[in-house]
Each structure stands twice: as C-alpha cells, then as structure tokens.
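Chemist: For the sequence shown, the positions run 1181 to 1362 when the working numbering is used. I am attaching a structure below and will ask some questions about it afterwards.
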Amino acid sequence: MVEHSIHPNTRVLLEAWRRMQTEPDGHIAGGPCVTEHEDLIERIFVLELMDDRSWLVRTAGEAVTALVGRRLANQNFLDLWSGPDRIMVGACLDAIRIDGGPGVIRGRGETLQGARADLEVTLMPLSAGAGSTARTRMLGLYQTVSSEGALNGQPVFRHRVSMIAPPDTRRVGPKLRLVASN
C-alpha cells in the first residue's frame, strides 16, 4: 500500500490497527489518543460478512451517515458501489479477509446534482479472537480527501473507484548484517 499519499486520519488508524495486531490484549503506550483526532471516530464504520456474501454495515459514525445522507446500519456496503466498481470493491474485501491486511479504496463521491469530492475508504480486518484466522468483520474509515464543501451539503449518491490498494502481503523476514573487522 502506498502510504505516503494517504489521508492523515487513515495513517493514524492504520498505525493503531498495526499496534492492535502486535499486542491485541494489552495497551501499547505512545500511540495516538482519541482526543487528538476527534473527527476520526465519526468517520469509522464496522462491516460484517453474511452467509449470502453481503457485507452488512453494523454501525457507522455520524460523519459517514451525514456524507451518504442515510443511516447505513444493516445495509449492504457493496450497494454503495455499482457495476464494475462493485465487483472491484467486493474483490478488495475478499483480499483483505483472506490476506489479513488492510486495504485502501480511493475514488470520488458524487451528489445527484453532480458535485464531487475525492474519497478514501480504508478497510482493516478484525479477528474473531486470539489465534483465530476467521475474519468476518472489518473496521472501516470513510474519509473525504478533498473539501467536503464541494458537495454543497448534498449527500453522496454515487461512489466511483479510481484506485484500489489491496493488502500488502509481503513478509518481512530477518535481515542479515555482515560486520567485518580487520
């Protein structure tokens, strides 16, 4: 994933997710505090994979609800996307679920009046518990990258994908360092 071009809120949430993967049962000091990123919590949502392969939104923050103009709880997340975009987002969700790493979807949201704003949707798998590889829930962040003012207060009606950064599954192995002394 190309992290140098992501929104600062996305970077904070990804760092927190990585720390949770390292120490799932404990608290790691030195991480960002919620009070430092108040707008972040309102942009978070949770997805759950259902038996029919739909991804239901279980909960969504106030900013997400305001941006899409409706409550998303118990709605299929894939219904925000249409045509080929829906297929790509579904494949990205599957990759995240299978690989166990986060992914980012960049795109744009459009209102019925044609106003547009650039969006970034970050998705991170949540494990079912200690030692479990079942990943049927995801933590998401719905973040505008450009000014929300461009939407003129209108809800995002259509979502379009411009880029998908799937999970980076490269494993970092031990590094060998050679030291020579004459």
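Think of the CB as a built atom: it goes at the ideal place given N, C-alpha and C, for glycine as much as any other residue.
Given a threshold of 16 other Cβ atoms within 10 Å of its Cβ, counted over all protein chains shown, does A1243 qualify as buried or as exposed?
Modeler: Looking at its Cβ environment, which holds 16 or more other Cβ atoms inside 10 Å, A1243 is buried.
Chemist: Just to confirm, are R1238 and N1254 a CB contact at a threshold of 9 Å?
Modeler: In contact: R1238 and N1254 (Cβ atoms closer than 9 Å).
Chemist: Just the C-alpha distance for L1236 and E1300, rounded to the nearest angstrom, thanks.
Modeler: About 19 Å.
Chemist: Does the Cβ-Cβ distance between L1260 and A1297 come in under 9 Å?
Modeler: Not in contact: L1260 and A1297 (Cβ atoms no closer than 9 Å).
Chemist: Please report the Cβ distance between R1223 and N1256, rounded to the nearest whole angstrom; I am assuming they are in contact, meaning their Cβ atoms lie under 8 Å.
Modeler: With 8 Å as the limit, R1223 and N1256 do not qualify as a contact, their Cβ atoms being about 20 Å apart.
Chemist: What residues are listed by DSSP as bridge partners for W1235?
Modeler: Paired residue(s): L1229.
Chemist: Is the Cβ-Cβ distance between A1345 and G1283 less than 9 Å?
Modeler: Yes, the pair counts as a contact, with Cβ atoms nearer than the cut-off.
Chemist: Quick check: what's the CA-CA separation for S1326 versus G1249?
Modeler: Each residue's Cα considered, the two are about 18 Å apart.
Chemist: In whole angstroms, what separates the C-alpha of G1329 from that of V1226?
Modeler: Roughly 26 Å separates the two Cα atoms.
Chemist: So, for A1275: in the same chain, excluding its five sequence neighbours on each side, which residues have a beta-carbon less than 7 Å away from its beta-carbon?
Modeler: Counting only Cβ-Cβ distances below 7 Å, and skipping sequence neighbours, we find G1283, P1346 and P1347.
Chemist: Look at the alpha carbon of L1306 and the alpha carbon of H1187, and state the distance between them as a whole number of angstroms.
Modeler: Cα-Cα distance, rounded: 21 Å.
Chemist: Please specify which runs of the beta strand (DSSP E), each continuous and at least 3 residues long, are wholly inside the region 1230-1314, giving them in chain order.
Modeler: 1235-1240, 1283-1290 and 1296-1306, all fully within the region 1230-1314.
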